[in-house]
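Here you go:
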């Protein structure tokens with residue numbers, strides 16, 4: 001693909017994408033990466049240029065006084081890369097901006113053009129797969145930057161900043177540090193909270209039916225379930241009102257345990273015959289190929305991947321040329337892709353598995369960024385998964401295999417099935433049995449969709465009934481009562497939340513991974529996982545209630561969906577943004593729902609909102625007992641707790657809100673009062689010792705609650721409150737124990753109980769205690785022996801690398817290797833360390849995948865620790881700084897001496 005002209009510069013987002021594209025371009029092209037966005041709004045006021053810092057809008061980074069003009073800056077960590085791009089452009093005679101074909105990609109290209117100020121021709125290069133054919137075709141049909149897409153991205157970014165910064169600031173002041181709000185994240189949290197509210201309000205019901213095993217004359221057995229007695233139908237779970245637990249239709253026959261047992265006894269001697277046999281053939285069509293959303297849902301259901309993990313693997317597959325662009329709402333396939341899929345059906349499964357005609361899938365594609373194909377294997381013909389297994393890590397291969405099967409299955413024949421239902425009657429009772437058998441697998445040979453409902457998935461599996469005829473006599477081999485309890489609505493999983501957000505038109509599928517990552521971030525303490533279920537915390541309840549009561553529009557599902565439609569209309573050049581932003585932020589006199597007037601409302605609500613009301617949830621009033629005051633869950637600074645009058649108690653960490661009712665609350669309050677009685681007095685200090693239960697389990701406290709010098713000590717592993725005696729509590733309070741001096745250096749050796757288990761320490765040297773050795777019992781001799789042994793874990797002795805790559809890093813020229821760290825395996829090139837993601841196997845990781853991780857980590861910039869070291873190192877070169885450091889050291893020494901003198905004076909006064 002040589003060029004007649006001089007060198008052209010091609011800019012993409014990532015180093016991985018740059019490497020792949022460079023393989024298809026000739027020597028006349030230089031391919032570089034921007035490593036994501038090169039400009040953005042300031043992260044905070046500290047990043048705002050000095051000349052704007054005094055402006056009232058500076059903290060937003062958006063000039064709300066001048067048509068919401070955004071203030072863009074180049075972050076410190078991107079300045080080096082920007083310089084590299086500018087230097088490369090000096091030697092180029094053309095510039096190709098080859099970022100992704102969506103709003104974010106278009107915005108990155110626009111920012112690059114604004115920042116680099118090229119004096120050479122600029123071309124927008126777009127493609128949805130990184131293959132030689134796609135790149136060649138893209139070079140023949142370049143275009144200009146799409147201003148509408150850029151404006152839509154910019155409006156979205158400004159709107160999110162206005163909403164996020166100001167609302168988050170209010171939440172910090174009213175609820176606590178770490179809280180945040182966002183246009184989509186707040187609505188997603190509300191969805192999860194609403195589902196938990198349904199579970200709290202849910203009243204379960206228990207009902208009984210009978211399970212019978214019938215035998216045919218040929219001794220073939222099958223199971224059937226009681227469906228009616230004397231013409232009255234037996235209810236199912238859906239027949240009960242979830243708020244009362246009572247039947248919606250009182251004509252149904254709800255059996256209790258005794259009635260079910262009675263009926264079973266009676267029917268064991270009855271005669272049964274088949275009264276009806278129904279056989280219905282039906283067919284099942286394959287689903288369309290993947291969109292971003294359906295890919296995330298299936299990867300969660302079938303592979304257990306989070307949305308973030310799915311998109312990370314998909315990004316790497318796309319950038320290395322294995323799949324088409326992974327951010328799409330389209331289900332269409334190109335003519336070439338359809339041909340490739342049909343060829344594979346013939347070669348892999350046979351002609352009889354191919355659908356007679358080409359299947360097409362039409363979606364509601366109305367936005368420019370949705371105009372490309374569904375997610376599918378890149379190129380034609382498609383690579384077969386087994387041929388690329390050695391080139392991909394575990395996550396990438398499993399996702400590629402899933403995408404490949406879904407794409408191929410969409411051109412396969414329908415699955416043909418047969419549903420058979422049998423009705424059996426006897427003794428006034430009616431039993432029914434149903435079964436499904438597969439007559440022809442069709443597309444199911446390649447792909448079976450996962451399910452959010454395991455029970456439904458089980459029910460849909462093939463179950464074959466024996467051949468029976470009407471009036472045929474059956475023997476009841478066994479009839480047993482069976483109990484059922486109605487279940488509350490299932491909590492959201494990542495898959496079902498993604499589906500619900502998409503169905504409601506909230507947010508964009510390409511952003512769901514980051515949204516779910518935000519709301520499950522431990523620092524916010526909004527959502528935690530119980531298995532795959534998303535469970536809201538009491539803090540999420542508090543934030544959602546405050547938003548509903550005072551900023552209802554901002555968490556209204558319909559409003560948020562309409563807002564998304566408006567942003568889409570900008571991308572189609574159908575709407576202007578400034579008027580909307582003005583209405584949203586400043587408000588006007590109209591009755592329009594989008595007339596939020598956020599700024600003025602925030603000022604008014606700052607005084608009006610009582611944070612105690614938002615953080616207080618009633619569990620009810622006890623009808624009996626000594627304490628009759630109302631019981632509340634309170635969301636405090638250090639977590640949720642129970643309150644009843646003067647009584648308080650901690651709520652165990654990880655307890656879902658739907659498990660907290662009045663009865664459970666009273667139990668915890670009673671237990672909390674028992675804790676307030678000391679188990680004894682410490683013989684040396686004369687202080688009381690209490691057993692307490694905190695968020696992270698039981699612990700002992702030496703000293704009264706108002707004692708400023710009180711101290712806590714956790715229980716050892718496998719130790720229970722029931723086993724705790726005064727003697728054992730006193731022993732625990734000796735930790736850390738000083739065992740004696742190390743004869744080799746004369747320094748004391750101490751025994752600790754740490755976060756990762758018991759250990760001993762002498763100066764900076766540590767050793768973990770072997771299993772079965774307690775920090776309360778370990779002797780000085782045992783500790784000395786342990787310290788003489790080589791360190792098996794920690795930082796003392798470096799471990800052997802898990803893998804060393806033959807090629808050096810193209811950036812640092814250092815050795816690239818995978819090491820086993822304290823928090824799991826990580827890849828390093830000598831300068832940058834990047835943790836391997838969950839599911840990545842060091843032995844399977846390719847060199848390119850390792851470089852991708854390092855590039856992503858390097859793009860985020862150095863850690864604070866590294867920055868400080870760099871500053872310190874630089875500062876010591878200057879004499880003036882050295883003098884300053886000496887002055888500071890002297891001042892510190894003087895302050896320490898003064899504090900010691902003051903302490904002695906206080907001690908003397910006390911004596």
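Numbering (the UniProt record's numbering), first residue to last: 1 to 911.
Using N, Cα and C, we set each Cβ at its ideal position, and we do this for glycine too.
The structure presented is a predicted model; accordingly, all values stated were derived computationally and were not measured.
Let me check one thing: in DSSP terms, what residues is residue i bridge-paired to?
i           : result
residue 915 : The structure shown does not extend to residue 915, since the chain spans only 1 to 911, so no value can be given for it.
residue 751 : 737 and 760
residue 474 : 272
residue 692 : 699
residue 418 : 281 and 437
residue 11  : 32 and 97
residue 64  : Answer by DSSP bridge pairing: none, since residue 64 is not bridged.
residue 742 : Its beta-bridge partners do not exist; DSSP assigns none.
residue 323 : 377
residue 247 : 240
residue 827 : 818 and 834
Residue i: buried (16+ other C-beta within 10 angstroms of its C-beta) or exposed?
i           : result
residue 753 : buried
residue 305 : buried
residue 9   : buried
residue 574 : exposed
residue 650 : buried
residue 16  : buried
residue 756 : exposed
residue 606 : exposed
residue 90  : exposed
residue 78  : buried
residue 437 : exposed
residue 336 : exposed
residue 222 : buried
residue 853 : buried
residue 439 : exposed
residue 823 : exposed
residue 300 : buried
residue 106 : buried
Would you tell me roughly how many angstroms separate the C-alpha atoms of residue i and residue j, rounded to the nearest one?
i           : j           : result
residue 11  : residue 101 : 13 Å
residue 20  : residue 378 : 13 Å
residue 370 : residue 533 : For residue 370, the predicted model reports a pLDDT of 46, less than 50, meaning its position is unreliable and no value from the coordinates is stated.
residue 459 : residue 358 : Any reading at residue 459 needs caution, since the residue's pLDDT is 43, under 50, leaving its predicted position unreliable; the model's value is listed next. Taking the straight line joining both Cα atoms gives about 32 Å.
residue 13  : residue 538 : 40 Å
residue 624 : residue 616 : 23 Å
residue 759 : residue 530 : 31 Å
residue 206 : residue 485 : 4 Å
residue 7   : residue 807 : 27 Å
residue 323 : residue 291 : 12 Å
residue 18  : residue 613 : 54 Å
residue 162 : residue 571 : 20 Å
residue 246 : residue 236 : 12 Å
residue 287 : residue 404 : 13 Å
residue 912 : residue 326 : One cannot answer for residue 912 here, as it falls past the ends of the chain, which runs 1 to 911.
residue 321 : residue 311 : 15 Å
Using a Cβ cut-off of 8 Å (strictly closer), state whether residue i contacts chain C.
i          : result
residue 18 : Absence of chain C from the displayed structure is noted, only one protein chain being present.
Pick out whichever of the options has its Cα sitting closest to the Cα of residue i.
i           : options               : result
residue 85  : 51, 112 and 334       : 112
residue 592 : 563, 604 and 610      : 563
residue 200 : 375, 661, 666 and 413 : 661
residue 599 : 581, 506 and 71       : 581
residue 680 : 708, 726 and 668      : 726
residue 473 : 216, 825, 81 and 117  : 216
residue 718 : 711, 730 and 698      : 698
Does the stretch 159–168 come into contact with the stretch 197–217, if we say contact requires no fewer than three beta-carbon pairs (one atom in each stretch) closer than 8 Å?
no
The stretch 386–402 in contact with the stretch 344–359 per 3-pair CB rule at 8 Å:
The stretch 386–402 is not in contact with the stretch 344–359.
Are the stretch 681–689 and the stretch 697–717 touching by the rule of at least three beta carbon pairs closer than 8 Å?
yes
Whether or not the stretch 259–268 and the stretch 476–484 are in contact is what I'm after, with contact meaning three or more pairs of Cβ atoms, one per stretch, closer than 8 Å; do they touch?
yes
Would you check if there are 3 or more beta carbon pairs closer than 8 Å linking the stretch 333–349 to the stretch 396–414?
yes
Any contact of the stretch 498–507 with the stretch 249–258, i.e. 3+ C-beta pairs under 8 Å?
no
With contact counted as at least three CB pairs below 8 Å, one residue from each stretch, are the stretch 177–195 and the stretch 141–148 in contact?
No: the two stretches stay apart, fewer than three of their Cβ pairs being nearer than 8 Å.
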